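A short worksheet on the structure shown next.
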């Protein structure tokens, strides 16, 4: 068999990772745990075969995307292959769970139809069917997270013919109720003859998010942890890189056990992929995974740039969102992590010292890198306003998080602030503005916009 690259998308990576799945002479297998991670690397990896679990939410849409955008053959795994209908864009269906043997047989069957006769063969001709209206979405080169339909006009179903005649006659008045159902973050909207509005939510990409500050005590760890908690639907991982002698603030506040930690990953130079699962600990609320620092500086001193690159590479195959809590220093590890990030959140309080230091560190960032300012602990009585900070730093504002007297006590109990709390509303605003997730509107950002318009008019 000619050399083939195979991507396996399955949440249960333990089924094949580190167990001699393939002979490296003729096949390379890259395991991926979720669709956000798969979508982020499929263009670079360019696999010949994609093996996809049918039990992953959104698997059907992802299979359709792969069939339209790549030349890869698609193999679907299912507990009951006979239940897979022809609406799936797939070439082959094999029984789940995956085993090393089933992976090899599936790849062989894609190359030679006479092999693995027990597999259910779905002819690849169905992948070349005429493009439907639903399929047209995939001309967008991104992964769909969610889509739904809502009724724009409550009277449209009662009078479909009349609605259709109005449409043909060219009348274009505002539809009753339409402003209530059109999501602000919708990227595509279309109406059918019954007045239904198809709303497809904004595309969400995998992100590697570094949370950084130039001063301690500004709430960096609180922001990172709450961001991971609120992004729990996107399979997040929180990586703590605040190396210290003893446990970090994250480990103390959320009452994490002393083990596991990064120590084993640092020493396992030859087999880091297989040991990654042994590093992860759940948060106290069990809403996301955490990789915590080693308990001693002697161990963490061995964490180098190659280890960092391996850590992020493996994490990107398993998680939809990777959030990194960085220390307030200018070490090689910190600067390299900023360079590896797709998004940087710069945390500051409305004080002269932290803001001035942020100004000096901006030249470390690559030009064009996505960075946003997050102002924490704002009480409206500081020496400088959010508008002045934004103008001084000349970077976009991500969010203003108001002072919350209860947040420290909540975190010390290993809990997370509710979404209705002062701190929680700030995190939701950050997610909405920076990641396009959720629906919030910051009055601070609106005030900045109005002030800028006023300045322009006065000139």
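In the working numbering, the protein residues as written are 328 to 786. Every residue, glycine too, gets a C-beta built ideally from N, C-alpha and C. As the structure is a prediction and not an experimental result, all values here were calculated from the model.
Test item: CB-CB of residue i and residue j under 7 Å
i, j, result
"residue 653", "residue 537", "yes"
"residue 365", "residue 359", "yes"
"residue 605", "residue 587", "yes"
"residue 619", "residue 567", "yes"
"residue 750", "residue 764", "no"
"residue 570", "residue 627", "yes"
"residue 726", "residue 753", "yes"
"residue 379", "residue 336", "yes"
"residue 662", "residue 691", "yes"
"residue 648", "residue 743", "no"
"residue 385", "residue 362", "yes"
"residue 423", "residue 404", "yes"
"residue 681", "residue 545", "yes"
"residue 416", "residue 394", "yes"
"residue 565", "residue 639", "no"
"residue 437", "residue 400", "yes"
Residues that DSSP places opposite residue i in a beta bridge
i, result
"residue 650", "536, 565"
"residue 726", "701"
"residue 635", "DSSP output for residue 635 lists no bridge partner at all."
"residue 378", "335, 402"
"residue 358", "335"
"residue 673", "539, 700"
Cβ distance (whole Å) where residue i is taken to contact residue j below 8 Å
i, j, result
"residue 402", "residue 435", "Their Cβ separation, rounded to whole angstroms, is 11 Å, which puts residue 402 and residue 435 out of contact at 8 Å."
"residue 411", "residue 420", "5 Å"
"residue 535", "residue 600", "Not quite, the Cβ-Cβ distance comes to about 18 Å (not below 8 Å), so this is no contact."
"residue 755", "residue 746", "6 Å"
"residue 622", "residue 574", "7 Å"
"residue 643", "residue 369", "That pair is no contact at about 12 Å."
Distance cut-off 6 Å: residue i Cβ against heavy atoms of the ligand MN
i, result
"residue 705", "The ligand content of the structure shown is nil, which means the ligand MN is not present either."
#### Entry: Any 3 or more C-beta pairs closer than 8 Å across the region 695-704 and the region 665-674
yes
### Task
May I have a chain-ordered list of the beta strand (DSSP E) segments no shorter than 3 residues that lie completely inside the region 572-630?
616-618
### Task
Please determine if the region 590-608 and the region 535-555 are in contact, where contact requires at least 3 C-beta pairs separated by less than 8 Å.
no
### Task
Could you say if the region 372-386 and the region 656-671 meet the contact criterion of at least three C-beta pairs nearer than 8 Å?
no
### Query
Between the region 547-557 and the region 686-697, do three or more beta carbon pairs fall short of 8 Å?
no
### Query
Would you say the region 733-741 touches the region 707-714, given that touching needs at least three Cβ pairs under 8 Å?
Counting Cβ pairs under 8 Å, fewer than three are found: no touch.
### Task
Could you say if the region 625-641 and the region 719-729 meet the contact criterion of at least three C-beta pairs nearer than 8 Å?
By the criterion of at least three beta-carbon pairs nearer than 8 Å, the region 625-641 is not in contact with the region 719-729.
### beta strand (DSSP E) runs wholly inside the region 731-767, at least 3 long, in chain order
none
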